[in-house]
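Numbering (the numbering used here), first residue to last: 196 to 630.
Positions of the beta carbon are idealized from the N, C-alpha and C atoms, including for glycine.
Bear in mind the structure is a predicted one, so any value in this text is a computation, not a measurement.
A short write-up of the structure that comes next.
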Ligand SMILES: C#C[C@@H]1N[C@@H](C)[C@@H](O)[C@H]1O
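Written as structure tokens, this is what we have:
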């Protein structure tokens with residue numbers, strides 16, 4: 196163990212109510228919205244390769260031309276209540292919004308910059324309308340905040356000269372003021388989702404991330420913050436130089452899922468196209484179906500993780516049709532099968548090829564989320580020695596009990612119900628422990 200001043204500030208899983216609520220939420224929404232949404236992944240009438248929220252760099256847009264987007268920020272179709280209604284319909288329990296992405300434009304009227312909504316024709320406090328609408332729907336709100344800030348004159352991606360370090364530490368002061376502002380103006384915020392901590396400047400001065408963590412806990416001891424914020428004084432990210440997780444959960448699973456359950460709390464954030472977070476008018480490549488998203492959500496839950504699906508609203512403030520469709524389909528599935536996700540954790544059963552087990556923290560049931568229908572027509576379940584299946588039903592068809600048959604020692608087979616709608620189905624098991 197190397198002595199560290201700015202490594203992990205605490206060890207082990209948090210056991211307080213705020214963190215337990217984060218765990219039980221399981222399913223979240225990401226909202227990427229900013230000036231980049233107006234460009235929609237196109238510039239001068241041409242499609243721009245790369246992630247749409249990175250268009251300033253991808254299309255080599257000058258500061259002046261990019262800032263001109265503030266004059267187009269009118270949002271005639273923006274209605275936070277509609278965003279919140281659709282999030283509720285999808286069945287998410289929390290939502291993370293980009294208060295400020297790498298571009299530096301702020302979705303709230305900040306006291307510390309004029310590069311924000313107050314300088315646009317829209318003019319309103321978008322963040323407040325989002326917080327109020329989602330809170331009204333009972334959805335917890337989290338703030339994404341980019342450490343990188345391409346607009347701020349004092350941001351430095353690397354610090355090489357005395358002038359760089361003076362500027363960078365002025366920027367850190369600005370950042371601390373904005374974080375304080377966000378936590379005091381919007382006390383409903385449950386946690387922060389920091390991004391952009393890979394640049395050399397942040398890795399060189401990891402203490403600034405320790406300072407942010409300390410600042411947030413002084414303002415709200417229950418605030419939740421993932422590992423992506425943190426860098427220790429040796430430049431180690433997410434896990435400190437002694438291998439200890441920094442922050443409250445592993446926040447490295449961006450567009451990927453672990454193969455097996457990590458030891459720590461963790462969260463996966465996922466895009467519907469291959470890699471578009473901000474609005475891209477012309478989605479290309481594979482667009483994930485609701486069935487694929489449901490399988491990822493079940494996989495995450497089966498490994499004690501949270502799953503957050505990204506929406507990139509359009510430059511007029513409306514949601515795109517494909518995302519509304521996604522919300523409808525996933526929401527319909529969650530209405531029937533949400534008990535296999537919300538408040539669920541990894542089940543103590545041997546994983547099988549047909550899909551994912553989850554176990555509800557309280558109700559004692561084990562759930563089988565079947566994503567791969569067996570050609571044999573039989574779903575295999577291996578139980579601990581002596582345990583038996585006391586009750587076995589398909590969610591939505593509770594009146595029709597399935598009859599498991601013992602096929603070998605500890606192994607049972609359940610006749611697989613027919614798949615009608617192209618979605619995973621869920622079997623609920625009541626197990627009776629062996630004597
Ligand atoms: C890289 C990168 C950023 N991290 C994702 C969560 C998006 O915000 C993307 O722009």
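Opening and closing residue of the beta strand (DSSP E) in which residue i lies
{"i": "residue 622", "result": "620 to 627"}
{"i": "residue 372", "result": "Per DSSP, residue 372 belongs to no beta strand (DSSP E); it is in the alpha helix (DSSP H), 357 to 380."}
{"i": "residue 292", "result": "289 to 295"}
{"i": "residue 341", "result": "335 to 341"}
{"i": "residue 386", "result": "386 to 390"}
Endpoints, alpha helix (DSSP H) assigned at residue i
{"i": "residue 215", "result": "212 to 220"}
{"i": "residue 412", "result": "402 to 414"}
{"i": "residue 528", "result": "516 to 532"}
{"i": "residue 232", "result": "230 to 234"}
{"i": "residue 250", "result": "250 to 253"}
Coarse secondary structure for residue i, derived from DSSP in three states
{"i": "residue 462", "result": "strand"}
{"i": "residue 600", "result": "strand"}
{"i": "residue 605", "result": "coil"}
{"i": "residue 241", "result": "strand"}
{"i": "residue 283", "result": "helix"}
{"i": "residue 423", "result": "helix"}
{"i": "residue 332", "result": "coil"}
{"i": "residue 260", "result": "helix"}
{"i": "residue 641", "result": "The requested residue 641 does not occur in the structure, where the chain is confined to residues 196 to 630."}
{"i": "residue 540", "result": "strand"}
{"i": "residue 196", "result": "coil"}
{"i": "residue 311", "result": "strand"}
{"i": "residue 351", "result": "coil"}
{"i": "residue 319", "result": "coil"}
{"i": "residue 432", "result": "strand"}
Residue i burial status per 10 Å Cβ neighbour count (16 or more: buried)
{"i": "residue 361", "result": "exposed"}
{"i": "residue 494", "result": "buried"}
{"i": "residue 616", "result": "exposed"}
{"i": "residue 411", "result": "buried"}
{"i": "residue 433", "result": "buried"}
{"i": "residue 198", "result": "exposed"}
{"i": "residue 296", "result": "buried"}
{"i": "residue 212", "result": "exposed"}
{"i": "residue 393", "result": "exposed"}
{"i": "residue 595", "result": "exposed"}
{"i": "residue 430", "result": "exposed"}
{"i": "residue 518", "result": "buried"}
{"i": "residue 561", "result": "buried"}
{"i": "residue 499", "result": "buried"}
{"i": "residue 451", "result": "exposed"}
{"i": "residue 293", "result": "buried"}
{"i": "residue 298", "result": "buried"}
{"i": "residue 556", "result": "exposed"}
{"i": "residue 336", "result": "buried"}
CB contact check: residue i to chain C, cutoff 8 Å
{"i": "residue 229", "result": "The chain labelled as chain C is not found in the depicted structure, where only one protein chain is given."}
contact_flag[the region 269 to 282, the region 502 to 519] where n(CB pairs < 8 Å) is 3 or more: yes
Any 3 or more C-beta pairs closer than 8 Å across the region 614 to 627 and the region 581 to 591: yes
Length-filtered (4 minimum) alpha helix (DSSP H) runs lying within the region 445 to 513: If only complete runs of 4 or more residues are kept, the region 445 to 513 shows the alpha helix (DSSP H) at 485 to 497, in order along the chain.
Inter-stretch contact (C-beta, 8 Å, three-pair minimum) for the region 519 to 537 and the region 492 to 507: yes
Whole beta strand (DSSP E) elements within the region 544 to 588, 3-residue minimum: 550 to 555, 561 to 565 and 573 to 577
Validate contact between the region 376 to 386 and the region 326 to 334 using beta carbons, cut 8 Å, 3 pairs: yes
Contact between the region 277 to 297 and the region 211 to 229 (3+ Cβ pairs under 8 Å): As far as the Cβ criterion goes, the region 277 to 297 touches the region 211 to 229, which means the pair count is three or higher.
Inter-stretch contact at 8 Å, needing at least 3 Cβ pairs: the region 464 to 474 / the region 245 to 258: In short, these stretches touch, since the Cβ pair count reaches three.
Cβ contact check for the region 438 to 445 and the region 478 to 494: 3 or more pairs under 8 Å: Taking a contact to require three or more Cβ pairs closer than 8 Å, the region 438 to 445 and the region 478 to 494 do not qualify as touching.
Meets three-Cβ-pair contact criterion under 8 Å: the region 353 to 360 and the region 306 to 321: no
Segment contact, 8 Å Cβ cut-off, at least three pairs: the region 224 to 239 with the region 542 to 550: no
The region 251 to 260 contacting the region 562 to 578, beta-carbon criterion three pairs below 8 Å: Because the criterion of three Cβ pairs below 8 Å is not met, the region 251 to 260 and the region 562 to 578 do not touch.
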